[in-house]
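Numbering (the working numbering), first residue to last: 4 to 353.
Using N, Cα and C, we set each Cβ at its ideal position, and we do this for glycine too.
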């Protein structure tokens, strides 16, 4: 058996090895059959105590099957490039998705946990990252969008890739519009005008689209900072409808601790003191479209009803001292200037 064409160079994964008669570079054939080693794919092994369910380890184990011209694509490529939102699971984490290898010709043996994509692939669409070739981000994202089970799932993929600054809306559009006749391209193209590069979680994307579908309203702004009339930062709501001065906040299980709830209450009070109505969506609401539609509808009705009595003490106008980071281009520019450390404070602004 030939050595793999590529080997991961990350220190947090264990690269599979082949059987070695000397036992120095890998297990002997006899030891490979024992309890101390786990077979990862045809002819390759890792120590049995290595967690084979960890996303990066799954990718590393599949990478030994990449041919000379080929690479990771889809969720695996995005995760290997640093996009931690992509964990390789589906159905709420109950099912593992296969690692997809892109190759321009079928020369890879089908194996459990590995899926082969034999679509047109130019070598120029591959980049080597930490020892493993991956398809360029726009192609990886487009692949996910084309094969997603729904348009909403596809949009989540695009926006989470944008969250990690791997692809901008323009880069995604350019790549997708150039693909004609590819499986799933019509679905991928329909999403171009819906992309918001500033969504910070899958639930925010889903909530924004539910707003449009259930209420028939234009999409609210995602994570836009609000300021008082003196230019001080009030807060950055998950979603904001400026026409109704309505902030929509999503409370996941992380917000249920006593200390976090106290912070949230202070935040809501500050918004209301500046004339902004606040609606809170709980995890349980998001799980049921009927309940979610009801809560969103009630929030909009309440905001419209109270709008005349509220004094607007807020603005979307960003003061000169603020570092804008709502687009991929802006965040990349901050990173290039060595100001990447400011991005987390914007993404989790109080």
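Below 8 angstroms on the Cβ atoms is my guess for residue i versus residue j; work out the distance and round it to an integer in Å.
{"i": "residue 195", "j": "residue 165", "result": "Residue 195 to residue 165, Cβ: 12 angstroms. No contact."}
{"i": "residue 118", "j": "residue 154", "result": "Not confirmed; about 22 angstroms, so no contact."}
{"i": "residue 182", "j": "residue 145", "result": "7 angstroms"}
{"i": "residue 151", "j": "residue 178", "result": "Wrong, their Cβ atoms sit about 16 angstroms apart, outside the cutoff."}
{"i": "residue 66", "j": "residue 126", "result": "That pair is no contact at about 17 angstroms."}
{"i": "residue 13", "j": "residue 200", "result": "About 28 angstroms separates the two Cβ atoms, so there is no contact after all."}
{"i": "residue 94", "j": "residue 59", "result": "The Cβ separation is near 21 angstroms, so there is no contact."}
Pull up the distance between the alpha-carbon of residue i and that of residue j, whole angstroms please.
{"i": "residue 114", "j": "residue 168", "result": "32 angstroms"}
{"i": "residue 96", "j": "residue 53", "result": "20 angstroms"}
{"i": "residue 84", "j": "residue 75", "result": "10 angstroms"}
{"i": "residue 130", "j": "residue 143", "result": "12 angstroms"}
{"i": "residue 270", "j": "residue 238", "result": "7 angstroms"}
{"i": "residue 104", "j": "residue 9", "result": "13 angstroms"}
{"i": "residue 334", "j": "residue 327", "result": "8 angstroms"}
{"i": "residue 302", "j": "residue 188", "result": "36 angstroms"}
{"i": "residue 338", "j": "residue 330", "result": "13 angstroms"}
{"i": "residue 87", "j": "residue 139", "result": "17 angstroms"}
{"i": "residue 286", "j": "residue 253", "result": "8 angstroms"}
{"i": "residue 250", "j": "residue 128", "result": "41 angstroms"}
{"i": "residue 172", "j": "residue 180", "result": "12 angstroms"}
{"i": "residue 283", "j": "residue 116", "result": "39 angstroms"}
{"i": "residue 304", "j": "residue 220", "result": "13 angstroms"}
{"i": "residue 39", "j": "residue 300", "result": "58 angstroms"}
{"i": "residue 81", "j": "residue 136", "result": "12 angstroms"}
{"i": "residue 217", "j": "residue 332", "result": "31 angstroms"}
{"i": "residue 156", "j": "residue 5", "result": "39 angstroms"}
Give every residue of the same chain whose Cβ lies closer than 7 angstroms to the Cβ of residue i, excluding the five residues on either side of it in the sequence, and list them in chain order.
{"i": "residue 92", "result": "98, 99 and 100"}
{"i": "residue 275", "result": "281"}
{"i": "residue 310", "result": "247 and 248"}
{"i": "residue 78", "result": "89, 91, 100 and 147"}
{"i": "residue 149", "result": "185, 186, 187, 188, 190 and 191"}
{"i": "residue 70", "result": "8, 106, 110 and 111"}
{"i": "residue 232", "result": "316 and 318"}
{"i": "residue 277", "result": "231, 237, 316 and 317"}
By DSSP, does residue i sit in helix, in strand, or in coil?
{"i": "residue 283", "result": "strand"}
{"i": "residue 42", "result": "strand"}
{"i": "residue 341", "result": "coil"}
{"i": "residue 90", "result": "coil"}
{"i": "residue 272", "result": "helix"}
{"i": "residue 231", "result": "strand"}
{"i": "residue 258", "result": "For residue 258, the predicted model reports a pLDDT of 47, less than 50, meaning its position is unreliable; a value from the coordinates is still stated below. Residue 258 falls in the helix class under three-state DSSP."}
{"i": "residue 127", "result": "helix"}
{"i": "residue 300", "result": "helix"}
{"i": "residue 237", "result": "strand"}
{"i": "residue 167", "result": "coil"}
{"i": "residue 71", "result": "coil"}
{"i": "residue 211", "result": "helix"}
{"i": "residue 120", "result": "strand"}
{"i": "residue 60", "result": "helix"}
{"i": "residue 98", "result": "strand"}
{"i": "residue 132", "result": "strand"}
{"i": "residue 110", "result": "coil"}
{"i": "residue 216", "result": "helix"}
{"i": "residue 253", "result": "strand"}
{"i": "residue 49", "result": "strand"}
{"i": "residue 78", "result": "helix"}
According to the neighbour-count rule (16 or more other Cβ atoms, all chains shown, within 10 Å of its Cβ), is residue i buried or exposed?
{"i": "residue 160", "result": "buried"}
{"i": "residue 73", "result": "buried"}
{"i": "residue 222", "result": "exposed"}
{"i": "residue 123", "result": "exposed"}
{"i": "residue 312", "result": "exposed"}
{"i": "residue 108", "result": "exposed"}
{"i": "residue 51", "result": "exposed"}
{"i": "residue 298", "result": "buried"}
{"i": "residue 61", "result": "buried"}
{"i": "residue 56", "result": "exposed"}
{"i": "residue 322", "result": "exposed"}
{"i": "residue 342", "result": "exposed"}
{"i": "residue 355", "result": "Given a span of 4 to 353 for the chain in the structure shown, any question on residue 355 remains unanswerable."}
{"i": "residue 279", "result": "buried"}
Tell me which residues share the same chain as residue i and place their Cβ nearer than 8 angstroms to its Cβ, disregarding the 5 neighbours each side in the sequence.
{"i": "residue 202", "result": "162, 163, 165, 166, 208, 211, 225 and 226"}
{"i": "residue 324", "result": "234"}
{"i": "residue 22", "result": "29, 30, 31, 32, 35, 46 and 48"}
{"i": "residue 1", "result": "Nothing in the structure corresponds to residue 1, since the chain is present only between 4 and 353."}
{"i": "residue 273", "result": "237 and 238"}
Looking at the C-beta of residue i, does it have a partner C-beta in chain B at a distance below 8 angstroms?
{"i": "residue 196", "result": "Note that chain B does not occur in the displayed structure, where there is just one protein chain."}
Quick one: residues in its chain with C-beta nearer than 6 angstroms to the C-beta of residue i, no 5 flanking neighbours on either side, listed in chain order?
{"i": "residue 64", "result": "19 and 43"}
{"i": "residue 244", "result": "223"}
{"i": "residue 215", "result": "222"}
{"i": "residue 205", "result": "159"}
{"i": "residue 213", "result": "295"}
{"i": "residue 174", "result": "141"}
{"i": "residue 170", "result": "140, 141, 144 and 164"}
{"i": "residue 26", "result": "none"}
{"i": "residue 41", "result": "49 and 51"}
With respect to 7 angstroms, is the separation between the Cβ of residue i and the closest non-hydrogen atom of the ligand FMN below this value?
{"i": "residue 305", "result": "In the structure shown, the ligand FMN is absent, as is every other ligand, since no ligand is present at all."}
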